[in-house]
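The structure appears right after this line, and notes come after that.
Residue numbers (the numbering used here), protein chains in the order written: chain D, 1 to 231; chain W, 1001 to 1231.
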């Protein structure tokens, strides 16, 4: 569901990972006059914990409050299991239904907690950066999942929750175009799955990000550990 | 959805709070030949943390594995806010839609985590003690919520999850009758919201429990801090 009404002012919570997608969704929300009560990030044992610092920097950039919710580690993913580091893969491998970097049921956990926190105050709107590209390999980023989660939240809380998902039809180049048009502080975002000093440039997430910038004829302003000219 | 097939043997996770409801649901599941891979209890800042020990004792009684998942504290409930202790209320006050002991979106959080853990192994069945009595004041115990949550789990995980809820049509006396018929170790269960040395006998949960035993002409074997003859 793409929200196109840009004249309202509704109190919302932002699910902000610190990646380019959620940061772009935040910029979209502000552009569309949502009042962001605060942004939430989650720790769940992710290898790329430094995305939390990125989220904090982005929230500071936009002058909105930021809260980190520390969850019990989520097991069973290359993103959180220390033994299995995400390897460079051919992007065509992304045709599979669920990628090895899928974090089991992560988004339902995030949405459940976000709604629980929202019940302490006024917001009945949760905004996030779910998108069509991620939906290819992460079922918990798809429209049907989000619609079902929205309904579940409404029934479990008796509050008219809506999950606003402005990027749900976007592929990664479309998100980069939005980010550029919205003057998103791209240099503050963190996408790499590995969470090293600089982005690795080779994991699935880095490959997709670099490919998206290239297809837009734009240069990604963050630092990479490898030369990305031909990455 | 009441499961009436008692000849199958399906691997399941049990959501076990340690209260009479979930313990009775566990006894029902074993009677109906479910294979309980393990039982899960959650800490979420609840005042009655001693229910965890009750759950452990019940799991031991039935010879099943037991795991405790430590969640970030859930705010905004008399059950978890230290400043607001659940008071004795007239049971007629339970007509309201959401009781002050409602823990915001608790069951969606629990189900999300349980499914996440289930994805590490075989079980696609989650069993719990949700019932019609709790549904009166806790929307996240109702059939419509559980059906929506089940669908959300299926879509978010691409696994054919089912949420088995054998007590969903039961009031509290019906649960006591089931517990007695199934030889549930009632003396091991913990229901009181306060979590003191003995059950308080006066909180909503104690009142409902005592009333249910009385209406069945049975005696509750646990200890109460007050005389419960006329409670």
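From the three backbone atoms N, C-alpha and C, an ideal C-beta is built for every residue, glycine too.
Beta carbon proximity, residue i to chain D, threshold 9 Å
i	result
residue 1014 of chain W	no
residue 1075 of chain W	yes
residue 1106 of chain W	yes
residue 1069 of chain W	yes
residue 1139 of chain W	yes
residue 1116 of chain W	yes
residue 1109 of chain W	yes
residue 1098 of chain W	yes
residue 1122 of chain W	no
residue 1079 of chain W	no
residue 1152 of chain W	yes
residue 1065 of chain W	no
residue 1212 of chain W	no
residue 1220 of chain W	no
Counted within 10 angstroms of its Cβ, other Cβ atoms place residue i as buried (16 or more) or exposed
i	result
residue 129 of chain D	buried
residue 1060 of chain W	exposed
residue 219 of chain D	exposed
residue 1120 of chain W	exposed
residue 1217 of chain W	exposed
residue 49 of chain D	exposed
residue 140 of chain D	buried
residue 1006 of chain W	At residue 1006 of chain W, the pLDDT of 43 sits below 50, so the modelled position is not reliable; the number obtained from the coordinates is stated separately. Exposed, by the Cβ-count rule.
residue 1196 of chain W	exposed
residue 1104 of chain W	buried
residue 1115 of chain W	buried
residue 21 of chain D	buried
residue 27 of chain D	buried
residue 1118 of chain W	buried
residue 179 of chain D	buried
Close-in-space but distant-in-sequence residues of the same chain around residue i (CB under 7 Å, 5 per side omitted)
i	result
residue 149 of chain D	108, 111, 163
residue 1171 of chain W	1132, 1133
residue 25 of chain D	127, 128, 129, 166, 167
residue 68 of chain D	41, 43, 52
residue 1176 of chain W	1212, 1213, 1216, 1218
residue 45 of chain D	73, 74, 80
residue 1004 of chain W	Interpretation of residue 1004 of chain W is limited by its pLDDT of 44, a score under 50 that renders its predicted location unreliable; the figure taken from the coordinates is listed afterwards. Closer than 7 Å at the Cβ level, and outside the excluded window around residue 1004 of chain W, lies no residue.
Any chain W beta carbon closer than 9 Å to residue i
i	result
residue 232 of chain D	An answer regarding residue 232 of chain D cannot be provided, because it is not within the stretch 1 to 231 covered by chain D.
residue 144 of chain D	yes
residue 134 of chain D	no
residue 113 of chain D	yes
residue 178 of chain D	no
residue 119 of chain D	yes
residue 72 of chain D	yes
residue 148 of chain D	yes
residue 125 of chain D	no
Cβ-based neighbour list, residue i, same chain, cut-off 8 Å, excluding 5 preceding and 5 following
i	result
residue 200 of chain D	192, 193, 194, 206, 224, 225, 226
residue 1099 of chain W	1137, 1138, 1204
residue 30 of chain D	36, 62
residue 189 of chain D	18, 19, 20, 23, 54, 58, 222
residue 97 of chain D	137, 139
residue 1183 of chain W	1027
Neighbourhood of residue i by C-beta, 6 Å cutoff - its chain only, sequence neighbours within 5 removed
i	result
residue 39 of chain D	14, 16, 59, 64, 66
residue 1011 of chain W	1035, 1037, 1122, 1123
residue 221 of chain D	186, 187
residue 198 of chain D	223, 224, 225
residue 76 of chain D	104
residue 1228 of chain W	1201, 1210
residue 1071 of chain W	1042, 1044
residue 1208 of chain W	1172
residue 159 of chain D	124
Runs of alpha helix (DSSP H) wholly within the region 45-133 of chain D (minimum 4 residues, chain order):
Taken in chain order, the complete alpha helix (DSSP H) segments of 4 residues or longer contained in the region 45-133 of chain D are 51-62, 106-118.
Along the region 1039-1058 of chain W, where does the CB come closer than 7 Å to a CB of chain D? Name the residues.
none
So if I threshold CB-CB distances at 7 Å, which residues from the region 1019-1030 of chain W count as touching chain D?
none
When you check each C-beta in the region 155-176 of chain D against every C-beta of chain W, which residues fall closer than 7 Å?
155, 156, 157, 158
With 8 Å as the C-beta to C-beta threshold (strictly closer), list the residues of the region 190-205 of chain D near chain W in chain order.
none
Which runs of the alpha helix (DSSP H) at least 4 residues long sit entirely within the region 138-202 of chain D? Give them in chain order.
143-157, 172-181
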